[in-house]
Amino acid sequence: LGLALYAGSLCAVSGATFLYHDYCIIGAGPAGLQAAYFLQRAGRDYVVFERSHAPGSFFALYPRHRKLISINKQYTGKYNSEFNLRHDWNSLLSHDRRLLFRHYSRDFFPNADTMVRYLEDFASLLKLQVQYNTAIIHVTLEKNEQAWNGHYFLLTDQDRKSYKCSSLLVAAGMWVPNVVNFPGSEYVEGYETVSINPEDFAGQTVLVLGRGNSAFETAENILGVTNFIHMVSRSRVRLSWATHYVGDLRAINNGLLDTYQLKSLDGLLEGDLEDLAIVKDKKGKLHITLRFYLENRNISAGIDSITLPQDELDNFATRAPYDRVIRCLGWKFDFSIYNRSLRMMPGKGNIKKYPQIKPSYESRGTRGLFVLGTASHSVDFRKSAGGFIHGFRYTTRAVHRLLENRHHGVPWPSTVYPITQLTNSIIKRVNEASGLYQMFSVLADVILLRENATAFEYLEEYPIGVLAELEMQTGRKARNGLFVIIMEYGRNFSGADKDVFYYNRAVGEAQHAWQSNFLHPVIYYYKRLPTEREMKLRPPDWPLPRPDAIHHIVEDFLTDWTAPNAHILPLRRFLENCLSTDLRNFFAESCFLFAFTHQKLPPSCQQGYMRMQGLVGSQKLQHHAVQAGLLQDYTHTDFSGDKPPDSHDGSQEQLMRDHGIPVRPLQHLVNAKDE
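The numbers in the numbering used here rise by one with no breaks, and the one at position 169 of the sequence shown is 172.
If you want it as structure tokens, here you go:
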């Protein structure tokens with residue numbers, strides 16, 4: 004029967020008329036809408052398929068108790084919109100200032116219904132091409148040498164309509180509940196259907212299976228009306244403030260930890276759920292036992308014929324019967340709609356709920372198939388924010404830039420600056436860039452040096468997992484060395500068992516910056532682009548291979564890395580050592596002196612003074628420079644005399660006399676300079 008149905012589907016596909024688009028996006032959640040926005044701005048041919056009647060259908064149901072755990076910080080004390088996105092975890096990226104989430108809610112933890120309304124406005128105001136009430140039920144490949152990737156993607160919806168596209172972007176999210184099957188699991192209620200009315204749990208004893216935010220969210224809702232709540236999972240509780248991973252338990256949901264540790268009946272247990280079994284007695288009470296007690300026994304024979312753990316161990320932790328057992332084990336990716344030809348395989352170990360993808364977010368099995376949003380979180384699971392809106396809005400943009408270069412010949416956006424702006428460019432980005440800040444250790448700014456280090460090319464928020472492929476993926480050349488700027492936590496500061504509040508946890512001295520614990524900028528310098536082999540053999544827990552030089556900017560309590568001595572000066576000296584040059588900015592007097600006493604001028608003199616540019620002296624500015632130790636007091640010229648304030652003749656002559664240089668008329672100096 005299966006072979007006949009498969010053959011029938013092939014015949015149906017072969018005889019179907021396909022509606023073609025260059026790009027097909029499955030899912031109109033946040034990631035799908037974000038991808039659609041970038042494609043529309045670029046003028047590309049695309050369509051978004053959404054199974055529901057409106058975007059963001061996941062948020063119409065989840066979280067069940069309606070409070071999001073993504074922060075919506077209204078005020079930061081700054082008006083820099085890029086900086087403020089560091090603390091806005093709900094907005095998608097767009098040019099429309101109306102589509103900032105703070106205009107939709109003032110709550111620090113907003114209601115999920117507000118997110119649904121926001122996504123509806125995002126799709127409608129930007130006029131995104133979303134085809135609603137279209138559930139894609141089957142995806143397969145059609146080989147074709149003329150296609151972008153050597154094949155087309157063929158999609159079929161619930162009405163047997165067929166679509167063809169050159170590139171497939173999967174943004175369907177994670178919505179299939181994780182279910183553990185064990186004897187008696189039919190008595191378990193799922194998070195997706197359990198009542199959210201606390202009165203339905205009044206006076207009851209409840210067991211919650213799971214240890215994530217959905218489990219604690221459920222417990223928090225009924226904490227005040229139950230007899231007691233027990234929570235069991237195979238792993239210990241992981242607090243987000245200790246792991247620095249926003250997907251771990253957040254403080255807003257952790258009331259059960261208080262009642263557990265303060266001895267108010269509730270409790271946490273560790274154990275493998277697959278080893279459990281549930282037996283229901285005649286009164287409807289649910290008894291927890293272990294699977295091996297039920298071996299070779301008939302569970303339907305009744306509880307009296309079954310050995311329970313408390314029969315052998317009278318203080319067994321879960322010996323009291325429960326009124327209800329609730330499963331809160333999260334979700335997994337839906338692999339069922341993808342034909343075997345796409346080779347969409349689940350990951351291994353703790354990322355088996357995600358599809359296998361490369362660090363470029365492209366499927367490992369099929370070229371041209373990219374996974375976006377929550378389902379792409381295997382790239383940075385338990386490391387960064389790629390599974391959440393405030394992370395994948397940036398990774399989606401990175402994927403769009405990769406596609407623009409691959410299919411349309413549009414190189415990765417970059418800006419070229421003179422080398423004198425190197426320090427300023429880095430300081431500006433580490434102090435305001437939201438993509439670097441949210442996707443720490445995953446996205447990086449890359450600085451490509453030009454020949455002789457006279458200029459550099461700045462690329463923003465590139466996925467460092469594919470650094471070895473930078474030239475191919477971006478259309479940019481890295482022939483003369485590069486700097487990579489990323490944000491990192493301290494190597495040993497994050498973990499479920501870490502005490503992140505210990506005394507002297509912060510580093511304040513620049514010379515100890517490498518020991519910084521909190522999020523801080525790190526600059527890697529490579530004389531050449533790392534290879535694929537070097538990327539694979541990088542040290543454990545290192546985001547990049549060992550560089551030729553590395554610099555940590557010391558952590559800052561205010562995340563404001565603009566202190567002249569603690570932040571900027573050490574960075575500048577590091578850059579100077581890497582480039583064997585002087586990146587200081589000099590006054591015209593100093594450049595004039597260097598022109599007669601040095602064979603090579605500093606870049607600021609070459610690109611400024613020698614081109615008739617730079618700072619014009621004045622009495623006030625010169626006095627400030629002398630007082631600050633930036634300039635020696637070579638001259639006593641009075642700028643308040645007959646000569647205009649911008650005249651440097653007197654100061655230049657005095658500089659030359661002080662260094663034994665014969666003074667010649669101005670015309671001779673000009674001729675000598677020309678020679």
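In this text, a Cβ means the ideal position worked out from N, Cα and C, and glycines have one as well.
Let's see if you can read the secondary structure: which residues bound the alpha helix (DSSP H) around S607?
Taking the first residue of the sequence shown as 1, we reach residue 607 at position 604. For S607, the uninterrupted alpha helix (DSSP H) run begins and ends at 606-610, by DSSP.
Quick check on S593: does DSSP put it in helix, strand or coil?
By 1-based counting over the sequence shown, the position of residue 593 is 590. Note: S593 maps to helix in three-state DSSP.
Could you check whether the segment 365-373 touches the segment 219-232, counting it as contact only if at least three pairs of C-beta atoms, one from each stretch, sit closer than 8 Å?
no
Can you give me the C-alpha to C-alpha distance between I74 and Y155, rounded to a whole angstrom?
In the sequence shown, counting from the first residue as 1, residue 74 sits at position 71. In the sequence shown, counting from the first residue as 1, residue 155 sits at position 152. Roughly 40 Å between the two C-alpha positions.
So what's N114 in DSSP terms, helix, strand or just coil?
Here residue 114 corresponds to residue number 111 of the sequence shown, with the count starting at 1. DSSP places N114 in strand when its eight states are reduced to three.
Alpha carbon to alpha carbon, how far is E220 from H68?
Taking the first residue of the sequence shown as position 1, residue 220 is located at position 217. Taking the first residue of the sequence shown as position 1, residue 68 is located at position 65. Pairing E220 with H68, the inter-Cα distance amounts to about 7 Å.
Rounded straight-line distance, which links the Cα of V282 to that of N224
The sequence position of residue 224 within the sequence shown is 221, counting from 1. The sequence position of residue 282 within the sequence shown is 279, counting from 1. Roughly 26 Å separates the two Cα atoms.
Where does E365 sit, in a helix, a strand or coil, going by DSSP?
One-based indexing of the sequence shown puts residue 365 at position 362. Note: E365 maps to strand in three-state DSSP.
Expressed to the nearest angstrom, what Euclidean distance is found between the alpha-carbon atoms of L532 and G468?
The sequence position of residue 532 within the sequence shown is 529, counting from 1. The sequence position of residue 468 within the sequence shown is 465, counting from 1. Taking the straight line joining both Cα atoms gives about 13 Å.
Contact with chain B by K335, beta-carbon distance below 8 Å:
Chain labels in this structure do not include chain B; a single protein chain is all it has.
For D649, the three-state DSSP class (helix, strand or coil)
Looking up residue 649 in the sequence shown gives position 646. Model confidence at D649 stands at a pLDDT of 46, short of 50, so the residue's coordinates are unreliable and nothing is read from them.
F295 classed as buried or exposed, judged by whether at least 16 other C-beta atoms fall within 10 angstroms
Looking up residue 295 in the sequence shown gives position 292. F295 comes out exposed.
Per DSSP, cross-strand counterpart(s) of L157:
Within the sequence shown, numbered from 1, the residue matching residue 157 stands at position 154. In the DSSP assignment, L157 is bridged to T143, K167.
At 3 residues or longer, and completely inside the segment 323-363: list those beta strand (DSSP E) runs for me, N to C.
327-330
Assuming contact is defined by CB atoms lying nearer than 8 Å, are I140 and T117 in contact in what I supplied?
On the sequence shown, position 137 is the one that residue 140 refers to. On the sequence shown, position 114 is the one that residue 117 refers to. For I140 and T117, no; Cβs fall outside 8 Å.
For N93 and W334, I'd like the C-alpha separation in whole angstroms.
In the sequence shown, residue 93 corresponds to position 90, counting from 1. In the sequence shown, residue 334 corresponds to position 331, counting from 1. Answer to the nearest angstrom: the Cα atoms are 21 Å apart.
Please go through the segment 64-102 and give each complete beta strand (DSSP E) segment of 3 or more residues, from N-terminal end onward.
none
Nearest-angstrom Cβ-Cβ length linking L451 and A481, presumed shorter than 8 Å:
Within the sequence shown, the letter at position 448 stands for residue 451. Within the sequence shown, the letter at position 478 stands for residue 481. Right, their Cβ atoms sit about 5 Å apart.
Who are the Cβ neighbours of L102 in its own chain at under 8 Å, not counting the five residues just before and after it?
Walking along the sequence shown from the start, residue 102 turns up at place 99. Answer for L102: S94, L95, Y121, D124, F125, L128, L129, listed in chain order.
Could you tell me whether the segment 43-51 touches the segment 378-390, using the rule of 3 or more Cβ pairs below 8 Å?
The way I'd put it, the segment 43-51 doesn't touch the segment 378-390; fewer than three beta-carbon pairs between them come closer than 8 Å.
Run through the DSSP bridge pairs and tell me what C682 is partnered with.
Outside the shown range of the chain (4 to 678) lies residue 682, about which nothing can therefore be said.
Comparing C-alpha positions only, which one of H380, L473, I29, A245 sits nearest to A447?
What you label residue 447 is simply residue 444 of the sequence shown in a count that begins at 1. Among H380, L473, I29, A245, the Cα nearest to that of A447 belongs to L473.
From the DSSP secondary-structure annotation, give me the bridge partner or partners of G376.
Residue 376 sits at position 373 when you count from the first residue of the sequence shown. DSSP lists no partner for G376.
Would you say the segment 51-65 touches the segment 33-41, given that touching needs at least three Cβ pairs under 8 Å?
The segment 51-65 makes contact with the segment 33-41; the number of CB pairs closer than 8 Å reaches 3 or more.
Tell me whether the segment 545-557 and the segment 605-615 touch, counting them as touching only if at least three CB pairs, one residue from each stretch, are closer than 8 Å.
No, the segment 545-557 is not in contact with the segment 605-615.
Whole runs of the beta strand (DSSP E) within the segment 195-244, excluding any shorter than 3 residues:
208-212, 231-236
Rounded straight-line distance, which links the Cα of Q610 to that of E678:
Indexing the sequence shown from 1 puts residue 678 at position 675. Indexing the sequence shown from 1 puts residue 610 at position 607. Per-residue confidence for E678 stands at a pLDDT of 36, beneath the threshold of 50, marking its modelled position as unreliable; no derived number is given.
For the segment 538-587, which segments carrying the alpha helix (DSSP H) assignment without a break, of at least 4 residues, lie completely within its bounds, in sequence order?
572-582
Is the beta carbon of I329 closer than 8 Å to that of V173?
For this step, residue 173 is matched to residue 170 along the sequence shown. For this step, residue 329 is matched to residue 326 along the sequence shown. No; because the gap between Cβ atoms is not below 8 Å, this pair is not in contact.
Starting from the Cα of G287, find the closest Cα among F459, P324, I354, L71 and give me that residue.
The residue labelled residue 287 in the question sits at position 284 within the sequence shown. The shortest C-alpha separation from G287 is found at P324.
What are the boundary residues of the alpha helix (DSSP H) that includes P312?
For the purposes of this step, residue 312 is taken as the residue at position 309 of the sequence shown. Per DSSP, P312 belongs to the alpha helix (DSSP H) from 312-315.
If you follow the alpha helix (DSSP H) that V433 is part of, which residue opens it and which one closes it?
Locating residue 433 in the sequence shown gives position 430, where the first residue counts as 1. Taken as a continuous stretch (DSSP letters only), the alpha helix (DSSP H) holding V433 covers 425-435.
Per DSSP, cross-strand counterpart(s) of L172:
Here residue 172 refers to the residue found at position 169 of the sequence shown. Its beta-bridge partners are I28, F373.
State the start and end residues of the unbroken beta strand (DSSP E) segment that holds T418.
As a first step, residue 418 is located in the sequence shown; it is residue number 415 there, counting from the start. Counting along the chain, the unbroken beta strand (DSSP E) around T418 starts and ends at 417-421.
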